[in-house]
Each structure stands twice: as C-alpha cells, then as structure tokens.
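Residue 18 in UniProt numbering sits at position 18 of the sequence shown, with consecutive numbering throughout. Even for Gly, the Cβ is constructed at its ideal location relative to N, Cα and C.
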Amino acid sequence: MIQGPEFWWWWIAGVVLLILEVMVPATFFLWLAISAGIVGLLSWLVPSIGWEFQVLIFAVLSVISVVAWRAWLKPHTEASDQPTLNRRGEQYVGRVVTLSEPIANGVGRIRIADATWGVEGPDLPAGTRIRIAAVVGTRFRVEQDYG
Numbered sequence: 001m002i003q004g005p006e007f008w009w010w011w012i013a014g015v016v017l018l019i020l021e022v023m024v025p026a027t028f029f030l031w032l033a034i035s036a037g038i039v040g041l042l043s044w045l046v047p048s049i050g051w052e053f054q055v056l057i058f059a060v061l062s063v064i065s066v067v068a069w070r071a072w073l074k075p076h077t078e079a080s081d082q083p084t085l086n087r088r089g090e091q092y093v094g095r096v097v098t099l100s101e102p103i104a105n106g107v108g109r110i111r112i113a114d115a116t117w118g119v120e121g122p123d124l125p126a127g128t129r130i131r132i133a134a135v136v137g138t139r140f141r142v143e144q145d146y147g
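Dropping the structure here:
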C-alpha cells in the first residue's frame, strides 16, 4: 500500500525548489516552491488529505501561480535605459569600422577593440570603411560606408 507524503515532505520539496531557483534564476521554481509550501500547510492542517489529492492541488496551484505571475509581469515590466546591455553584438550596430581582412565570397573579419568578429557582406578589400547594419547569429552583416 502506498503511503501518502507527510506535510514535511512538501516543505522539503519547497526548499529544494527554492535552491533550484537560486541556482537557475528564472522565477519559475519560486512559484513551484510556494505551491509545495501551501500543499504542505494544507496537509498539516488536514492530515486526512490523500496523496493523490495533494499532488493534484500542487499541480493546480503551480500552474495557476506561474500563469498569474506571467500575466502580472507583462504589463509591469520596466523599459530598460540600456536595452542592449547583455547583447554585445547589437551594441555595435550602426558603428563604422575598417575591415582588417578582406571580405571574400561574402565572408570576412573585422577587429573591434580587443575582439575579432566575423562579417558577411559584399566583397570588399581590407582597409575599406564599413558600417555594421545588423547582427545575424554570431556575425555582423555589413555594408560599405561612403560617408
């Protein structure tokens, strides 16, 4: 016969989920941990709740809390004053640089500060001034700068 989880099992599960939240910050495990804590509290207050119903309550609370959090977060997200802070390549879009290696067959390289970046664009000789137009994967799409 399967014996249902005790209330403290849910609290331990909640602590484990909180530790996961700290290690993998996605604000997802937090809501699962809160749901586990609530189920633990319910099973402590009403010990006759079967384990199937406890799992059902946990699942329903988890889904409701995650969906509610995402619904609340969407209109309350603040616009950043530095939208490209963690997108290094996008910080260079619009910048004019000089080709360090020629673009041959649509592919070449440029040097910006201490990094070398792959570029794609029209075939151009080394030393040509180019403008970074976009980021495509790990390369820059460039065009010749006539200005």
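Within the same chain, show all residues whose beta-carbon is closer than 8 angstroms to that of residue i, passing over the 5 residues directly before and after it, in chain order.
i, result
"M1", "At M1 the pLDDT is 38, less than 50, meaning the model places this residue with poor confidence and gives no usable figure here."
"V24", "none"
"G147", "V96"
"A104", "D123"
Cutting at 7 angstroms between CB atoms, please list the residues of its own chain near residue i, excluding the five before and the five after it.
i, result
"L99", "G108, I110, L124, A126, G127, T128 and I130"
"S62", "W31, L32 and S35"
"D81", "none"
"Q144", "P122, L124, T128 and I130"
Which of the three DSSP states is assigned to residue i in this structure?
i, result
"V63", "helix"
"G118", "strand"
"R109", "strand"
"A13", "helix"
"M1", "Only weak support is given to the placement of M1: the predicted model assigns it a pLDDT of 38, under 50, and the question is left unresolved by the model."
Would you list the residues sitting across from residue i in a DSSP beta bridge?
i, result
"E143", "R131"
"I103", "L124"
Grab me the residues of residue i's own chain with a C-beta within less than 6 angstroms of its C-beta, minus the 5 sequence neighbours each way, in chain order.
i, result
"F29", "L17, L20 and E21"
"V66", "W31"
"V15", "none"
"E52", "none"
Can you check whether the CB of residue j is closer than 7 angstroms to the CB of residue i?
i, j, result
"V118", "V142", "Residue identity differs from the one stated: residue 118 is Gly in this sequence, not Val. Not a contact, by the Cβ cut-off of 7 angstroms."
"S43", "F58", "no"
"W69", "V39", "no"
"V135", "E90", "yes"
"V93", "I132", "yes"
Original post:
What are the uninterrupted segments assigned as alpha helix (DSSP H) that are 4 or more residues long and contained completely in the stretch 23-84, given in chain order?
Top reply: At a cut-off of 4 residues, the continuous stretches assigned as alpha helix (DSSP H) that sit fully inside the stretch 23-84 are 29-45 and 51-76.
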